[in-house]
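In this note's numbering, the protein residues as written are 5 to 518.
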Ligand code: BG6
């Protein structure tokens with residue numbers, strides 16, 4: 005984390021407690037692809053909310069860039085859509101809106117970057133933004149390399165040692181496979197130092213994901229159990245009820261493993277499995293996460309089907325409504341072999357986790373929307389209670405609920421009231437909403453603020469992105485080459501494919517019910 009002078013600190017009036025949150029430096033946020041959905045849905049609402057909380061100074065501006073011709077006024081008007089009507093009436097919005105600018109140009113046209121330079125200089129003079137820049141790549145990934153090259157060629161990137169700074173936020177996907185990720189990263193690092201690069205993974209911005217570290221390392225009672233001696237296995241689930249919505253053309257070229265496992269799930273897994281870091285420095289934490297990814301056993305393609313399951317949803321029912329099959333969705337190839345569900349069994353070959361399987365799964369159009377990490381502990385070594393059949397004895401499970409119903413649950417056996425000893429399984433529950441009574445901040449808000457103050461802790465570093473691809477490649481290759489195997493189907497609204505059950509039942513284990 006960067007050092008902070010007293011004058012740069014502000015108490016955030018909207019967050020309770022003694023928290024002292026640093027305000028961003030004066031700067032311009034340049035959004036490439038600003039005419040897209042992400043800008044009005046997530047980025048502008050997040051920036052506005054930071055302004056409302058005094059976490060962004062008045063010496064600030066947003067400069068939208070995209071090919072579509074639009075005036076500053078038109079751009080401002082389109083950014084109102086996802087802001088509540090009453091907030092649009094405030095003076096804060098009026099002042100924020102006047103800091104939004106837009107210029108159209110084609111990302112591959114060098115003269116556009118000349119225009120960009122001039123516009124930025126003008127904004128610096130008018131608003132005192134001190135030459136600090138945050139570039140936000142919110143374009144289709146095919147444009148990333150070109151934009152980065154052009155920014156370098158136009159001298160729009162601060163060199164190390166300058167008094168002002170340049171940072172870049174890159175949206176996923178970071179490549180389509182190991183080779184393309186490597187090429188993309190090489191292009192990025194040819195222009196930007198790695199410490200200027202912020203690869204965003206919005207799961208890391210979720211409060212409940214950040215809480216994994218607090219839960220593990222601020223409490224004395226769990227960490228001693230957090231290892232192969234007491235943990236039987238770990239399940240990580242990210243289930244969605246949504247289908248591919250209007251993103252068929254992107255999703256059909258990606259699939260569940262690339263869309264969710266390569267990034268979000270492996271990031272969560274590494275937080276759950278990492279060793280205690282020696283400090284909260286960004287790179288100290290990221291070093292520990294990187295060690296976990298390096299320690300996950302690599303599986304050769306010929307064994308991929310023993311360690312993974314992929315499947316695609318067919319027709320079904322979601323909350324009482326009929327749902328179309330994946331192959332019937334807009335912009336999806338009617339013969340598509342893209343998986344909408346992926347499950348893996350990973351082993352982390354180190355002292356802490358040797359022999360403990362980490363089962364992970366993610367799918368669209370499943371029975372419920374739920375993201376959670378379940379740590380299942382080993383059962384007792386000897387059965388003392390005669391009336392309790394061995395198969396009624398459940399394991400203790402600690403569930404970190406990422407969303408919805410954010411919280412933590414511990415499941416344990418309790419005596420059912422009565423003369424004899426019968427065991428009933430009960431939950432001990434912690435809920436964020438009930439305990440703190442505040443809405444958890446949006447992931448984008450947290451992440452953009454972190455980037456503006458130069459804290460890269462919650463962003464993916466180059467090595468972890470490439471390690472995650474390296475881990476998944478044998479599976480992706482085996483899935484693609486498998487001609488003889490039909491792609492398993494599951495009914496929309498169900499628990500997923502029966503093949504996924506077999507991945508665990510072979511070892512006497514069961515997935516948790518979604
Ligand atoms: C995105 C994926 O990264 O995460 C989407 O591209 C997915 O396919 C989304 O729906 C899920 O995010 P969340 O925050 O709703 O769990």
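From the three backbone atoms N, C-alpha and C, an ideal C-beta is built for every residue, glycine too.
Just so it is clear, the structure is predicted and the values come from calculations on it, not from any experiment.
Taking the C-beta atoms as reference points, residue 172 is found no nearer than 8 Å to residue 124.
If you check the CB distance, residue 295 and residue 275 do not come in under 8 Å.
Taking each of 30, 493 and 461 in turn and checking the Cα distance to residue 283, the smallest one comes out for 461. Look at residue 404: its beta carbon is at least 7 Å from all of the heavy atoms in ligand 1.
In this model, residue 493 and residue 248 are separated by some 16 Å (Cα to Cα). Relative to the non-hydrogen atoms of ligand 1, the Cβ of residue 278 never comes closer than 7 Å to any of them. Uninterrupted beta strand (DSSP E) stretches at least 3 residues long and entirely within the stretch 346-434 occur at 361-367, 374-381, 401-407 and 411-419, given in chain order. Shown here for residue 127: same chain residues with a beta carbon closer than 8 Å to its own, the five before and five after excluded, namely 32, 65, 67, 105 and 133 in chain order. Note on residue 264: 16 or more other CB atoms within 10 angstroms of its CB, so buried under the neighbour-count rule. Per DSSP, the unbroken alpha helix (DSSP H) holding residue 96 starts and ends at 95-101. When DSSP assignments are scanned along the stretch 108-173, the uninterrupted stretches of alpha helix (DSSP H) that are 4 or more residues long and fall wholly within it turn out to be 114-131 and 148-157. The stretch 233-253 makes contact with the stretch 364-383, as at least three CB pairs between them are under 8 Å. Distance from the C-beta of residue 375 to the nearest heavy atom of ligand 1 is below 7 Å.
Secondary structure of residue 493 (DSSP, three-state): strand.
Inside the stretch 308-344, DSSP marks whole alpha helix (DSSP H) runs of 4 or more residues at positions 308-311, from first to last along the chain.
Not one heavy atom of ligand 1 falls within 7 Å of the beta-carbon of residue 129. Short of 7 Å from the beta carbon of residue 467, and not among the five residues preceding or following it, lie these beta carbons of its own chain, in chain order: 294. In the DSSP assignment, residue 300 forms a beta bridge with 352.
Its Cα nearest to that of residue 375, the residue 239 stands out among 85, 34, 157 and 239. The residue among 103, 517, 490 and 211 with its C-alpha nearest the C-alpha of residue 442 is 211. Residues 142 of the same chain have their beta carbon placed closer than 6 Å to that of residue 42, with the five preceding and five following residues left out of the count. Here residue 28 is near residue 457, since their CB atoms are less than 8 Å apart.
Separation of the CB atoms of residue 344 and residue 317 is rounded to 5 Å, and the pair is thereby assigned contact status at 8 Å. With a cut-off of 7 Å, the C-beta of residue 271 is classified as distant from ligand 1, since no heavy atom of the ligand falls inside that distance.
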